[in-house]
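Each protein sequence line maps, in turn, to chains A and B. Count along the first sequence from 1, add 151, and you get the number used in the working numbering. Count along the second sequence from 1, add 277, and you get the number used in the working numbering. Even glycine gets a Cβ: it sits at the ideal position worked out from N, Cα and C. All values reported here derive from a predicted model rather than from experimental measurement.
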Amino acid sequence: MRILIPLKQVPDSTVRVSVAPDGKSIKTEGITWSISPYDEYAIEMALERKDADPSTVVSVVTVGPARSRDALRQALAMGCDEASIVIADEAVSPLAVARALAKVILEAKPDLVLCGKQASDDDQGFIGPALAEVLGWPHVATITKAVPLDGSVELWREVEGGHEVWTAPLPALATVHKSEKEPRYPSLPGIMKAKKKEIPERPFAALGIASGPMLEVVSMEPPPARGGGKILKDGDLKQVAEQLATLLRDEAKVL
Amino acid sequence: MKVLVVAERKGTELRRVSLELAAKATQLGDASVVEIGGERYSPLPFVSALARKVQADAPDLVVLGATLNGRDLGARLAARLGRAYAADVTDLAASGGSLEVTRPMYAGKVRARMRVPLPAVVSVRPGAIPLRDGAPAPQVTKIEADAAAEKLTFAKFAAVASGGKRVSLAEARVVVSGGRGLKGPENWNLVEQLADALGGAVGASRAVTDAGWRPNEEQVGQTGKTVTPDLYVALGISGAIQHLAGMTSSKVIVAVNKDPDADIFKVADYGVVADVFEFVPAFTEAVKKARSGA
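#1: Sorted by chain position, which residues of the same chain lie with C-beta nearer than 6 angstroms to residue 382/B's C-beta, five sequence neighbours on each side aside?
#2: Below 8 angstroms, how does it come out for the region 273-286 of chain A and the region 175-183 of chain A: are there three or more Cβ pairs, yes or no?
#3: Does the Cβ of residue 277/A have 16 or more other Cβ atoms within 10 Å, making it buried, or fewer, making it exposed?
#4: Using only alpha-carbon positions, find the residue among 377/B, 307/B, 288/B that is nearest to residue 281/B.
#5: In or out: residue 392/A buried (at least 16 other Cβ within 10 Å) or exposed?
#6: Pop quiz: residue 156/A and residue 257/A are said to be a contact at Cβ under 8 angstroms. What is the actual Cβ separation, rounded to whole angstroms?
#7: Out of curiosity, what's the CA-to-CA distance linking residue 520/B and residue 333/B?
#8: Inspect the CB distances between the region 460-470 of chain B and the region 287-294 of chain B and report whether three or more fall short of 8 angstroms.
#9: Are any of the Cβ atoms in chain A nearer than 8 angstroms to that of residue 499/B?
#10: Strictly under 8 angstroms for the Cβ-Cβ distance: is residue 334/B near chain A by that measure?
#11: Determine whether the Cβ of residue 284/B lies closer than 8 angstroms to any Cβ atom of chain A.
#12: Please name the residue, chosen from 161/A, 217/A, 200/A, 247/A, that lies closest to residue 188/A on a Cα-to-Cα basis.
#13: Can you name the residues of chain B whose CB is closer than 8 angstroms to the CB of residue 371/A?
#14: Could you check where the alpha helix (DSSP H) with residue 288/A kicks off and where it finishes?
#15: Give me the Cα-Cα distance between residue 351/B and residue 268/A, rounded to the nearest whole angstrom.
#16: How do the region 230-250 of chain A and the region 321-330 of chain B stand: do at least 3 beta-carbon pairs fall below 8 angstroms, yes or no?
#17: In this structure, what does DSSP give as the bridge partners for residue 327/A?
#18: Exposed or buried, residue 174/A, counting other C-beta atoms within 10 Å across all chains shown (16 or more means buried)?
#19: Specify whether the region 523-540 of chain B and the region 374-394 of chain A touch according to this definition: at least 3 beta carbon pairs, one from each stretch, less than 8 angstroms apart.
#20: Given a threshold of 16 other Cβ atoms within 10 Å of its Cβ, counted over all protein chains shown, does residue 418/B qualify as buried or as exposed?
#21: List, in chain order, every chain B residue whose beta-carbon is nearer than 7 angstroms to that of residue 225/A.
#22: Just how far apart, CA to CA, sit residue 328/A and residue 283/B?
#23: Residue 430/B versus chain A: which residues are under 9 angstroms apart at the beta carbon?
#24: Look up residue 391/B in the DSSP assignment and give the residues it is bridged to.
#25: Around the C-beta of residue 275/A, are 16 or more other C-beta atoms found within 10 angstroms, so that it is buried, or is it exposed?
#26: Quick check on the DSSP output: the beta strand (DSSP E) that includes residue 431/B runs from which residue to which?
#27: As a quick exercise: from 448/B, 486/B, 318/B, 543/B, pick the residue whose alpha carbon is nearest that of residue 343/B.
#28: Taking 8 angstroms as the threshold (beta carbon to beta carbon), is residue 525/B in contact with chain A?
#29: Take residue 428/B and list the residues in its own chain whose beta-carbon comes closer than 8 angstroms to its own, dropping the five residues that flank it on each side.
#30: When the Cα atoms are used, what is the spatial distance from residue 202/A to residue 261/A?
#31: Go ahead and label residue 336/A buried or exposed: buried means 16 or more other beta carbons lie within 10 angstroms of its beta carbon, across all protein chains shown.
#32: Assuming contact is defined by CB atoms lying nearer than 8 angstroms, are residue 535/B and residue 396/A in contact in what I supplied?
#33: For the candidate residues 207/A, 213/A, 165/A, whose alpha-carbon lies nearest to that of residue 299/A?
#34: Could you round the C-beta distance between residue 313/B and residue 420/B to whole angstroms and report it? I think they count as a contact, below 8 angstroms.
#35: So, at 6 angstroms on beta carbons, what are the nonlocal neighbours of residue 355/B in its own chain, with the 5 sequence-adjacent residues on each side left out?
#36: So residue 378/A contacts chain B; which residues on that side make the cut at Cβ distance below 7 angstroms?
Next up, the structure:
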């Protein structure tokens with residue numbers, strides 16, 4: 152089975168994001184970049200398939216600026232077989248990204264495409280369903296398990312109260328919410344091997360993609376600051392409990 | 278502005294977010310509400326039916342609840358129709374010939390105002406739009422999902438043992454979450470009893486779901502659910518930045534932790550420095566009393 156994962160490089164989840172002086176973007180100087188967390192789950196899910204069946208080929212692709220190559224390297228070091236990049240330095244519309252990925256996928260002909268359910272920078276969750284739409288493939292969103300069957304795949308979708316289990320004919324696409332295990336760390340031999348791998352690149356402009364509607368950032372700000380709350384720590388716990396319940400009812404009015 | 282609201286039902290009732298959207302749509306202009314009927318949500322049959330409706334009615338704006346299914350349907354619909362798409366917005370207003378929305382980015386670490394060109398599809402975060410009590414029930418037109426468009430086969434539903442009877446986490450008005458301070462899954466009755474006393478849903482920190490104490494679907498935070506209840510109670514949660522990202526938009530935050538330096542206290546409106554095992558049973562009793570009017 153061939154599995155392809157489109158990934159995005161984003162600020163690492165431990166970065167304290169702050170707004171840049173232009174008020175429309177975030178400060179990127181000196182920040183650590185990583186594979187978006189849900190894309191990491193998608194990679195882990197694919198690599199678990201490869202652990203079970205070594206004939207599985209796992210490839211990763213990204214559409215983004217040249218620095219995104221580091222994220223591909225990271226995926227190769229985790230154990231992915233192939234990586235390629237479509238270099239887009241300028242902001243590209245989300246629909247155009249989906250179209251570019253579709254072009255790569257139609258050439259690579261994977262059986263299964265796994266996308267993280269959303270990138271942790273814009274948090275839109277658009278690319279997965281949009282890519283399936285451009286390809287004309289069925290998709291199942293927010294899965295936690297993929298089980299290959301003969302000519303199809305069983306996809307477990309987490310919903311309220313349990314999992315819906317869907318069977319999709321191949322090729323198919325799924326967006327990933329979680330993998331069964333936590334994403335693996337790159338091994339030292341993996342890192343060495345990844346360094347030597349070639350990452351083919353091509354410019355976005357060479358793909359001849361029609362653009363799509365763009366959202367425009369008007370302004371960005373940190374979320375409203377919280378804090379200055381009341382700390383209750385002294386006295387008998389029963390009294391504190393009753394005091395808190397009364398505050399919630401009469402002051403905060405949430406009971 | 279012509280607005281089409283896509284309503285969603287849970288059981289026999291319309292979801293609260295659908296009522297919120299119907300109320301907002303009326304403020305934005307000429308509103309109508311549609312519901313897609315089918316045994317269960319599946320992207321292709323739902324997108325196919327909805328796209329036909331949108332092409333026939335030509336609304337400037339299609340709004341859905343930013344629920345599990347709403348976000349999926351909205352994204353694929355926007356791609357099919359080549360419309361602009363904004364997900365999980367917390368506010369929206371007409372502005373000249375376009376739409377201006379507010380939405381969290383970077384897992385809630387930044388709030389962005391964005392201009393969305395029309396026509397557009399937008400999903401709106403549950404609880405973001407105030408709903409006044411006694412708002413009139415919207416008139417809902419029902420369309421049928423397009424079964425002929427289906428390419429998937431539904432195999433089965435695998436239920437998880439826990440949950441089910443409580444309200445859904447994403448839409449709950451009260452959420453009580455437990456962290457590593459609870460020491461083990463056997464102590465979750467403390468969290469559940471308080472949640473029941475408050476009429477709320479149960480959540481968990483990532484440390485807890487990663488350890489397998491609680492199912493993934495209960496995780497609140499950056500790689501779990503983002504919640505915006507009226508009341509969020511964090512029990513034995515230290516307040517890692519990824520957890521804070523999922524709950525700091527709650528209206529009122531209560532934190533109980535025995536470590537006075539825990540980061541969770543920086544976002545709490547009411548903090549209690551105490552051992553959860555000693556405090557929570559007393560608090561649960563106090564809540565029952567306060568709610569009964571005593």
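Quick answer:
#1: Correct list, in chain order: 389.
#2: As far as the Cβ criterion goes, the region 273-286 of chain A does not touch the region 175-183 of chain A, which means the pair count is below three.
#3: Result: buried.
#4: The alpha carbon of residue 281/B has as its nearest neighbour, out of 377/B, 307/B, 288/B, the alpha carbon of 307/B.
#5: Flag for residue 392/A reads buried.
#6: For a cut-off of 8 angstroms, the C-beta gap from residue 156/A to residue 257/A is around 16 angstroms, too long to register as a contact.
#7: Distance between the alpha carbons of residue 520/B and residue 333/B is about 43 angstroms.
#8: The region 287-294 of chain B and the region 460-470 of chain B do not touch, with fewer than three beta-carbon pairs separated by less than 8 angstroms.
#9: Cβ-Cβ to chain A under 8 angstroms: yes for residue 499/B.
#10: No, because no Cβ of chain A sits closer than 8 angstroms to the Cβ of residue 334/B.
#11: Not an interface residue.
#12: Distance check between residue 188/A and each of 161/A, 217/A, 200/A, 247/A places 161/A closest, using alpha-carbon atoms only.
#13: Below the 8 angstroms Cβ cutoff, chain B contributes 382, 387, 388, 389, 390 as neighbours of residue 371/A, in chain order.
#14: Looking at the DSSP string, residue 288/A is not in any alpha helix (DSSP H), and its letter there is neither H nor E.
#15: Approximately 14 angstroms, taken between the alpha carbons.
#16: Not touching, per the Cβ criterion.
#17: DSSP lists 267/A, 294/A as the bridge partner or partners of residue 327/A.
#18: Sixteen is the threshold: since fewer than 16 other Cβ atoms of the shown chains lie within 10 Å of the Cβ of residue 174/A, the residue is exposed.
#19: Yes, they touch.
#20: It counts as exposed.
#21: Correct list: empty, because the minimum Cβ distance to chain B is about 17 angstroms.
#22: Spanning the alpha carbons of residue 328/A and residue 283/B requires a straight line of approximately 24 angstroms.
#23: Here the neighbours are 303, 317, 318, 319, 320.
#24: 368/A, 378/B.
#25: It counts as buried.
#26: Here the beta strand (DSSP E) through residue 431/B covers 430-436.
#27: Per the Cα distances, 448/B.
#28: Yes, because at least one Cβ of chain A sits closer than 8 angstroms to the Cβ of residue 525/B.
#29: Within the same chain, Cβ atoms closer than 8 angstroms to the Cβ of residue 428/B are found at 321, the five residues on either side in sequence being excluded.
#30: Taking the straight line from one Cα to the other gives about 18 angstroms.
#31: Of the other Cβ atoms in all chains shown, fewer than 16 fall within 10 Å of the Cβ of residue 336/A; this residue is therefore exposed.
#32: Against a cut-off of 8 angstroms, the Cβ pair of residue 396/A and residue 535/B comes out as no contact.
#33: Nearest option by C-alpha distance: 207/A.
#34: Between residue 420/B and residue 313/B the Cβ distance is about 6 angstroms, and since that is below 8 angstroms, they are a contact.
#35: Counting only Cβ-Cβ distances below 6 angstroms, and skipping sequence neighbours, we find 362, 398.
#36: Ordered by position in chain B, the residues that pass the 7 angstroms Cβ test against residue 378/A are 543, 544.
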